[in-house]
Amino acid sequence: MPKNMLSFPVRFDSQPAEPIALTAFLFHRSGKLLQKTALTSKGMADFKEVDFPMDELQLVIVPTLDKIVARASSLEELEKYRPYKPVLKWDKDLNVRLLPIPDSFLKFWKLRFCRVLGNVAKNFIIDDKVVKLPLCKARVHICEVDKISLVLPRIPDDILVRIPDIIFNPPVPPVVIPWPPKPPIPIDPIGPVIFDRLRPDIFRPDIIRPDFFRPNRVAVGSEGIKAEALSAPLSALPPINDELKRVLVSKNTELIRQSLIKHIDVLHPYFCLAPWIWPYLYRCDEITTVYTDENGRFDTNIIYWSGGDVPDLYFWVEYLIDGQWVTVYRPSVPCHTHWDYACGTEVNILVSDGRVRPGCGMVMAKDALWVRRIGASSILNVQQLAVNTPIQGVPFNRKGLFKYGTDHRSPLGTTHSSSRMQFIIKFGSMLPNVSASYFRWACRKVANENMLPTLGPVIYLNDSIAKSYTTEWTDALGDTHFRSQSIGLGPVNVGTGTELFFIPPPSPIGFRGIGDATARWDSTDTYTCNLDTRSLSGDGLYEFWLEVFDNAGNQVNKPDAFFQIPKVGDEGNSVNATAPWVGVNNGFNGFNMVVRVDNNACQAAIYPVQLTGPNRTANPCGFIQYAGVGDKNIAISFKAFHSNDFADFSFAVVRGNTGTGGAGTPASVSGMVIGPVGRYVRDSAGVYRPGTSPTDMEFSPAELMGPCIAGGKAAFAQSIQIVALHTDGYRRLNELDAGSLAAFALEAP
C-alpha cells in the first residue's frame with residue numbers, strides 16, 4: 121500500500137446473495153467529513169492520508185444504490201440508512217483490523233422500489249363554472265420526512281419543555297372576514313423556500329411571509345379577497361388523554377420524548393399551528409424531482425430500505441410563470457405529509473395560486489388558429505353585441521364587457537399589480553407555412569366612455585412576447601435534470617411588414633436556432649400580446665383584430681374558417697368563427713372582437729347624519745338629538761362612485777351591539793353605483809341620500825332605533841364597501857375597491 125494511502129478491508133459475516141455496492145465515509149470525530157470513496161472490487165476502502173491522529177478518525181459504511189447517499193456530507197444525513205460504524209483497531213505498524221459487517225445489516229440494506237404517482241390540478245372559473253384542469257409541466261418535488269423516532273433524540277431539552285404549551289394553548293391565526301360574502305374556494309398555503317431542502321440547520325424565520333404558516337387561506341369568489349382560517353376549528357383538534365396530559369405537565373424531558381413518539385398521530389394537528397417547532401420535529405430530504413405530463417400526471421420510482429419503515433412523503437410544487445419557476449404549492453409539513461405512504465397510491469395535489477394560468481391541452485391538427493381566451497376568461501364571456509337592459513332604472517350598455525356572475529358588467533383594466541391583457545391562441549400543427557408565418561394584433565377606439573361613437577387611430581400591440589420551453593440534461597451521476605428557457609416571438613420587421621411576431625411551430629426544435637433535441641414547449645397555448653390598457657387612448661370601447669402575414673412579411677387574407685373560436689357549451693373544442701368574430705379591417709379579412717376598457721378606481725365616503733326641518737347635523741362626537749319619534753326627518757347620505765359606473769356597493773347602518781336591540785336597519789341598502797336604489801336617490805357625483813319629496817323617503821327615529829326607542833338612545837355603525845367590477849382576464853381587480861366607516865348616535869332632547 122502506498123505510504124500516502126489509508127486502506128480499510130471491509131468484509132461481511134456471511135457472503136451476500138447478491139453483490140452490494142458500498143461507499144465508505146471517513147469522518148473526524150468532531151463530525152467533519154474528510155473523504156468518501158466507493159469500495160473496490162476487492163472490498164477495500166482506500167483514502168488519501170489525512171492530517172489527523174488515527175484515533176480521531178471514524179469510518180462509516182453505507183450502500184450506494186441510493187444516489188442521495190453519494191451526495192451526503194454529514195453523519196446526520198447517513199443516519200436513516202442504518203450506517204455500519206466499525207471500531208478501528210490499529211496495530212503497531214498502523215494496520216487496521218475491522219470486524220466484519222453483521223448479517224443484520226444485510227437484511228436491512230436490501231433495497232426496494234416504491235412507485236409514486238399522482239396528479240397536479242387547479243380549479244379555474246370559466247364561463248361562471250368551476251372547472252378543474254390539469255397543470256402540465258409542473259415541477260413536483262418529492263421529499264422524505266424523517267421518522268419522529270430519528271429526530272427526537274436530537275431535540276434540545278429547552279425546546280421539549282415548550283411543547284406542552286402548544287398542546288394546552290393552541291395558537292390561533294387571525295381571521296379576516298371577507299366582503300362581500302361569496303361561496304369560498306379553498307386554496308392551499310404557499311410561501312417562499314424557508315429551508316434548504318427543509319433542513320432545520322438553516323431555517324430562516326426572518327424571510328418568512330407573515331401569512332406563510334397560516335394553515336388554510338380562502339379566496340372568496342373570483343375576486344381574490346382572502347380570509348385566513350384554521351384548517352379545522354380548535355374544537356376539532358383530537359382530544360388529549362389524561363396519561364399524556366400528566367406527562368406533558370411533568371417537565372420530564374425524557375418522558376416527553378417517549379410520549380411524543382407514542383402519541384405523534386394525535387399531536388400532528390397541534391404542531392400544524394406552531395411553525396416554530398417544525399424545524400425540530402420534521403426534517404425533509406428531497407428524493408427526486410419530477411415533471412407532470414400534458415394531463416397533469418407524474419409517475420416515478422423511489423428507493424426505500426426493506427428493513428426500515430415505509431417512506432413518509434411530502435410534496436411541493438413549482439410552476440413556470442413568466443419564464444421563472446415559482447413556488448405555487450408548499451403546505452405545512454406536519455399536516456400535509458403522506459405518512460406511511462402506500463406505494464402506488466394516487467397523490468392528488470390541488471394548486472390554487474392565482475398566478476397559475478390554464479395552459480395544457482391539445483395541438484390543433486390543421487392550417488388554422490384558435491383564439492381561446494383573454495387571460496383565463498373565454499372570449500365567449502365578452503359581449504360582442506349591444507345589449508341595453510336597464511339596471512335600477514338606468515340604461516346600461518353591455519357591449520364589450522366580461523361576464524360578472526351571470527351578467528356582462530366587467531370592463532378590462534390594468535393596475536400596477538395586475539396582469540396585462542393577453543390573448544391566448546392555439547396555433548394549428550400545419551403552422552407556420554408559406555402563407556401564414558407571422559401575426560400582429562391591432563386595435564382602435566370605436567366609442568368613448570359614454571359609448572358615443574368615435575374613431576381613434578390604429579394602434580399596433582408591439583410589446584415583446586416570448587414562449588417558454590424546457591430541455592433536459594444529464595449530470596455526472598447519471599441524473600436527469602431540466603432547464604427552463606424562453607425564445608422571443610417578436611416584434612420583428614420582415615419585408616414590408618413591421619412589428620410582426622413569429623407563429624411558433626408545434627415543436628421548438630429548430631425554431632430560431634433551438635438545437636437541443638430534448639426541447640419541448642411548456643404549453644401548446646401561446647400568449648400573443650402583453651398590453652397595458654393604460655397605454656391606450658383613454659377609457660371606452662376598443663376593437664381588436666388579428667392580422668396574418670406570409671413568410672415574406674406581406675399581409676394576407678384568410679377565410680373565416682382559418683379563425684377558430686370556442687364552442688358554446690363545450691369550450692374544450694373549437695368551431696369556425698362567424699360574425700361578429702370575423703370581419704374586414706384595413707382591407708383584410710381576419711379575426712376581430714370588441715372589448716370595453718376602463719382603468720378607474722372607485723370612491724367612497726360617508727357624510728354626517730342630518731335632521732331636516734330644522735336642519736341639525738351630528739356633532740363631531742357623532743351624537744344627534746331628535747325632536748319627535750314619528751318625524752321622518754333623519755337624512756343619511758354617502759358616496760358610492762365610479763366614473764363609468766363599473767362598481768357594486770353595499771351600505772350598512774347597524775344598530776347597537778349583539779343581542780337585544782342589535783340589528784340592521786331600513787337605512788341599509790346595496791346595488792350598483794349606476795342609479796337610485798331603495799329610498800336613496802343618486803346625483804351626478806355619486807352621492808346617495810334619501811329623496812326629499814315626499815318626506816317619508818327619509819328615516820324616522822322609530823325606524824332606526826327599533827326596540828331601543830323606549831330608552832331614547834341608540835348608537836349606530838355605518839359602513840360602505842364598493843367593489844370594482846374590473847378584470848384583467850384572470851381576476852377581479854380588487855385594488856380598485858373603496859370603503860369607509862363611520863358612526864352616530866340618536867338621543868332624545
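When the count follows the numbering used here, it moves up by one through the sequence shown with no breaks and lands on 869 for the last residue.
Using N, Cα and C, we set each Cβ at its ideal position, and we do this for glycine too.
On a predicted model such as this, the values are computed, not experimentally measured, just so you know.
Sequence-distant residues of its chain with Cβ nearer than 8 Å to S194 (five each side left out): Position 74 of the sequence shown, counted from the first residue, corresponds to residue 194. If you ignore the 5 residues before and after S194, its C-beta comes within less than 8 Å of the C-beta of G151, L153, all in its own chain and listed in chain order.
Span of the beta strand (DSSP E), counted from its first residue to its last, around S694: What you label residue 694 is simply residue 574 of the sequence shown in a count that begins at 1. Its beta strand (DSSP E) spans residues 690-696.
Assigned secondary structure, G109 (DSSP; H/G/I helix, E/B strand, else coil): Not covered by the structure: residue 109. The range shown for the chain is 121 to 869.
Beta-bridge partners of R417, as assigned by DSSP: Residue 417 sits at position 297 when you count from the first residue of the sequence shown. Under DSSP, the beta-bridge partners assigned to R417 are N239.
Which residues DSSP lists as bridging P869, in chain order: Within the sequence shown, the letter at position 749 stands for residue 869. In the DSSP output, where bridge partners are listed per residue, P869 has none listed.
Beta-carbon separation (whole angstroms), V446 vs Y439, contact threshold 8 Å: Along the sequence shown, read from residue 1 onward, the residue named residue 446 stands at position 326. Along the sequence shown, read from residue 1 onward, the residue named residue 439 stands at position 319. Contact between V446 and Y439 holds: CB atoms are separated by about 6 Å, below the 8 Å threshold.
CB-CB length for L208 against L177, believed under 8 Å: Position 88 of the sequence shown, counting from 1, holds the residue named residue 208. Position 57 of the sequence shown, counting from 1, holds the residue named residue 177. Confirmed, about 6 Å.
Cut-off 8 Å between Cβ atoms - residues of its own chain near K168, not counting five sequence neighbours on either side: As a first step, residue 168 must be located in the sequence shown, where it is residue number 48. These residues qualify, in order along the chain: N124, M125, L126, Q155.
Bridge partners - K546, DSSP secondary structure assignment: Sequence index remark: in the sequence shown, residue 546 carries index 426 (1-based). In DSSP, K546 forms a bridge with W490, D645.
Segments assigned beta strand (DSSP E), at least 3 residues, entirely inside the region 133-198: For the region 133-198, whole beta strand (DSSP E) runs of length 3 or above, ordered along the chain, are 142-148, 153-158, 164-168, 177-183.
Alpha carbon of C263 to alpha carbon of Y850, nearest angstrom: By 1-based counting over the sequence shown, the position of residue 263 is 143. By 1-based counting over the sequence shown, the position of residue 850 is 730. Their backbone Cα atoms lie some 32 Å apart in a straight line.
Per DSSP, cross-strand counterpart(s) of Y850: As a first step, residue 850 must be located in the sequence shown, where it is residue number 730. Looking at the DSSP assignment, Y850 forms no beta bridge with any residue, so it has no partner.
Of the listed residues D645, V554, T457, I685, nearest to L433 (C-alpha basis): For the purposes of this step, residue 433 is taken as the residue at position 313 of the sequence shown. Out of D645, V554, T457, I685, T457 has the C-alpha closest to the C-alpha of L433.
Beta-ladder partner(s) of V807, from DSSP: By 1-based counting over the sequence shown, the position of residue 807 is 687. As computed with DSSP, V807 is found in a beta bridge with K759.
6 Å CB neighbourhood of I221 in its chain, flanking five on each side removed: Walking along the sequence shown from the start, residue 221 turns up at place 101. Residues of the same chain with a CB within less than 6 Å of the CB of I221, apart from the 5 flanking positions on each side, are F132, Y204 in chain order.
M541 CB to nearest heavy atom of the ligand FMN below 7 Å: Because no ligand of any kind appears in the structure shown, any question about the ligand FMN cannot be addressed here.
Own chain, CB closer than 8 Å to D680, minus 5 neighbours either side, in chain order: Looking up residue 680 in the sequence shown gives position 560. Hits under 8 Å: N696, A697, T698, V702, N709.
Stretch-stretch touch, CB-based, cutoff 8 Å, three pairs: the region 573-586 with the region 378-390: Counting Cβ pairs under 8 Å, fewer than three are found: no touch.
Coarse secondary structure for Y434, derived from DSSP in three states: Along the sequence shown, one-based indexing puts residue 434 at 314. Looking at Y434 - three-state DSSP - the assignment turns out to be strand.
Runs of beta strand (DSSP E) lying entirely within the region 601-676, each at least 3 residues, in chain order: Correct list: 612-614, 617-622, 645-647, 660-669.
Limits of the unbroken beta strand (DSSP E) element including Y800: The sequence position of residue 800 within the sequence shown is 680, counting from 1. Segment 800-802, the beta strand (DSSP E) holding Y800.
For D768, three-class secondary structure by DSSP: The sequence position of residue 768 within the sequence shown is 648, counting from 1. Note: D768 maps to strand in three-state DSSP.
Segment limits, alpha helix (DSSP H) that includes S370: Taking the sequence shown and counting its residues from 1, the one referred to as residue 370 is at position 250. First-last of the alpha helix (DSSP H) with S370: 362-370.
Cutoff 8 Å; reference N674; Cβ partners in own chain excluding five residues on either side: Locating residue 674 in the sequence shown gives position 554, where the first residue counts as 1. Counting only residues of its own chain and dropping the five nearest sequence neighbours on each side, N674 has a CB closer than 8 Å to the CB of G615, T616, G617.
Nearest candidate by alpha-carbon position, reference L226, set E138, A760, N671: Counting from one through the sequence shown, the residue named residue 226 turns up at place 106. Of the candidates E138, A760, N671, the one whose C-alpha sits nearest the C-alpha of L226 is E138.
Span of the beta strand (DSSP E), counted from its first residue to its last, around Q870: The structure shown does not extend to residue 870, since the chain spans only 121 to 869, so no value can be given for it.
Bridge partner(s) assigned by DSSP for F244: Residue mapping note: residue 244 aligns to position 124 of the sequence shown, counting from 1. The partner list for F244 (beta bridge, DSSP) reads V251.
Top-ranked residue by Cα proximity to F172, from A165, L146, P821, T160: On the sequence shown, position 52 is the one that residue 172 refers to. Selected option, being the one with the closest Cα: L146.
Where D285 falls: helix, strand or coil (DSSP): Taking the sequence shown and counting its residues from 1, the one referred to as residue 285 is at position 165. Helix, per DSSP.
Residue from F547, V367, L581 with nearest C-alpha to I685: Indexing the sequence shown from 1 puts residue 685 at position 565. Sorting F547, V367, L581 by C-alpha distance to the C-alpha of I685 places F547 at the top.
Boundaries (first-last residue) of the alpha helix (DSSP H) holding P728: Reading the sequence shown from its first residue, position 608 is the one you call residue 728. DSSP places P728 outside any alpha helix (DSSP H), giving it a letter other than H or E.
DSSP bridge partner residues for A462 (one or two, in chain order): Taking the sequence shown and counting its residues from 1, one reaches residue 462 at position 342. Paired residues: none, contrary to the question.
Stretch-stretch touch, CB-based, cutoff 8 Å, three pairs: the region 826-836 with the region 792-803: At 8 Å Cβ cutoff, the stretches do not touch.
Bridge-paired residues (DSSP) for P220: Stepping through the sequence shown from its first residue, residue 220 is reached at position 100. P220 is not bridged to any residue.
Contact set for V281: own chain, Cβ-Cβ below 8 Å, skip 5 residues either direction: Start at 1 with the first residue of the sequence shown, and residue 281 comes out as number 161. Cβ neighbours of V281 beyond the five flanking positions: K371, T373, I376.
Proximity of V437 and R640 at Cβ, strictly below 8 Å: Taking the sequence shown and counting its residues from 1, the one referred to as residue 437 is at position 317. Taking the sequence shown and counting its residues from 1, the one referred to as residue 640 is at position 520. Not a contact, by the Cβ cut-off of 8 Å.
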